[in-house]
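These notes are about the structure you will find just below.
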Amino acid sequence: MKNKLKLLIKDGLRKKINTKWFKIVNIILLLAIPILINIDSVIELFGGDFKDPITVYVLDNTNVFFDTIKETYETTGIGIGEKDVEIKKANKSFEKLKDEMLKEESNDIILLLDKVDNIYTAQMTSFDYVDAVTLQLLTNAINTTKTKIALEESDIDKNELASIESPIDIERVYLNENLDENYELIKYLSTMLIPAFIVPFFFLIIMVIQMIGAEINEEKSSKSMEVIITSVSPKIHFISKMITANLYAIIQALLFVLYFIIGLFIRTQISGVGLTESFGDNISGMIGTFIESGMLSEILSAVPWVIIMLVLSFIAYSLLAGVLASMTTNQEDFSQLQTPIMILIMVGYYVALMASTYEKSTFIIVLSVIPFLSSIIAPVLLIIGQIGVVEILISILMLLLTIFLLLKYGLRIYKVGILNYSSEGLWKKMWKSLKSKE
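Note that this note's numbering has the sequence shown beginning at 10, numbered continuously upward.
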């Protein structure tokens, strides 16, 4: 019996992996994922100048602006945008700088500062449009400098002036002693981690469901089901379909991770710096804060529970898909029957996305223990710390109970359904199958 099961699984996997569709899709993914991870480099390769350095030549006729503008821009511009901007005092006339800019069609900027009738003026000259980030930073630096100079030119005492210019140090006090000090970081990361977890799970579940339905209906429509059942029991056939579909999903998921790793490796080679640094100072700093906060260890401690939930969820969805597919004779009928499954997945998908907004909502926590919905919701809530081990254990027990019931009663439906070619009264057939003896 074990040999027959192994043979069915091996044959099923070979059929799927050797298809042209599988090969074409994975070639596309192998190209697309690294390209998406390195999309900024790809854009530059095809003529983008988004990281080309910019020199801002400052012609300061006021003799008071340059140093403050340079200091202000460099302070506020740290980690913002990808442009390498240098603030430099001009050593040529405006006309000569303009002629050079026209000749070279450079992306440099000429900043002319003057004072007319006791009013400070600024003129920004460039060959082409200035990107929004650089323009905003320069504008802020000019306005901030103007305010500082205006205050310095007034009769305000230096100590009082320093007091006006110095930022307020805001001390945040929370009266609730149970608040997590990393709450804001968790909130921010959850907006990034939740979709990263949900979307692959969502597509893999759909892949498994549709694969099981397609294979069973193909065997029924070609009448090969009758031949197979004479050699193996319906139980072995049922289990083989479930294992084959899930192994295929695991292989595809591992390939997806491999393509992602290849993309990251290419990024580090192109940038010539560490992985986190290649995404910019903001992301690098956020990752450093995340590690220092101790949240990484908390998430890693949740990983075993998440894996258990994922494995049980795939088993439960596979069993349900197999039971429903056995009662249909073509893919159109199965598409109608799988609608309730899709609704369950979609409900879990959207509720999980809302989990970080409606923090520790009783409604969402209750949904996290309901089988099929818990598949997506419970792992997300556990990762962001909204439920604990007790709730996840309840979710696991409920899933185990669901799997037991599907194996016990679903197998009865499967035994009758795979040899039933009638397309009428599907729900009646299922009810009659449940009443049948094993």
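The beta carbon of each residue, even a glycine, is placed where N, CA and C say it ideally should be. Predicted model, so just to flag it, every value in this text is computed and none were measured.
When C-beta atoms of the segment 247-255 are compared with those of the segment 318-331, three or more pairs fall below 8 angstroms, so the two segments count as touching.
In this structure, the CA atom of E104 is about 18 angstroms from the CA atom of T130. According to the DSSP assignment, Q347 belongs to no beta strand (DSSP E), since it is labelled neither H nor E. If you look at K97, you'll find it in the beta strand (DSSP E) that goes 94-98. DSSP lists no bridge partner for V389. Contact between I42 and V51 is ruled out by a C-beta separation of about 12 angstroms, above the 8 angstroms threshold. By DSSP's assignment, D69 forms a beta bridge with L122. Distance from the Cα of P62 is smallest, within the candidate group K97, I48, Q395, G21, for K97. Straight-line spacing of the CA atoms in A99 and L264 works out to 54 angstroms. Non-local beta-carbon contacts of I271 in its own chain, meaning distances under 6 angstroms to residues more than five positions away in sequence, involve P43 in chain order. A Cβ-Cβ separation of about 15 angstroms leaves I385 out of contact with Y367 under the 8 angstroms criterion. Going by DSSP, I33 is part of no beta strand (DSSP E) but of the alpha helix (DSSP H) stretching over 29-46.
A straight-line Cα-Cα distance of about 16 angstroms links A387 and T411.
DSSP, reduced to helix, strand and coil, places T337 outside both helices and strands of the structure shown, so it counts as coil. Between the beta-carbon of I373 and that of V360 there is about 6 angstroms, and that keeps the pair under the 8 angstroms contact cut.
Between the C-alpha atoms of I46 and F269 there is a straight-line separation of about 8 angstroms.
Taking C-alpha positions only, D140 is separated from I37 by approximately 33 angstroms. Closest in C-alpha terms to V315, from the list V332, G222, I392, L353, comes I392. Among the bridge pairs identified by DSSP, S50 is matched with none. When C-beta atoms of the segment 67-84 are compared with those of the segment 150-162, three or more pairs fall below 8 angstroms, so the two segments count as touching. Around the beta-carbon of V65, 16 or more other beta-carbon atoms lie within 10 Å, marking it buried.
DSSP places S135 in the strand class (E or B) of the three-state scheme. Its Cα nearest to that of I221, the residue F343 stands out among L321, F343, I403.
The Cβ neighbour count for L54, taken over all protein chains shown within 10 Å, is under 16; the residue is labelled exposed. Inclusion of A258 and L213 in the CB contact set at 8 angstroms is warranted, their separation being smaller than that value. Distance from the Cα of M351 is smallest, within the candidate group A205, K15, M216, N152, for M216. When DSSP states are grouped into helix, strand and coil, Y367 belongs to the coil group. Counting only the Cα atoms, I317 lies some 22 angstroms from K369. From the listed residues I379, D178, T348, K424, the smallest Cα separation to L402 is found for I379.
According to the DSSP secondary-structure assignment, T239 is paired through a beta bridge with no residue. Taking C-beta atoms as the reference points, T134 and K112 fail to come closer than 8 angstroms. When DSSP reads this structure, I128 sits in a beta bridge with V125. In the three-state scheme derived from DSSP, where H, G and I count as helix and E and B as strand, I63 is classed as strand. For T81, the CB contacts under 7 angstroms within the same chain, skipping 5 residues up- and downstream, are A150, T153, T154 in chain order.
In this structure T148 is exposed. Its beta-carbon is surrounded by fewer than 16 other beta-carbon atoms within 10 angstroms.
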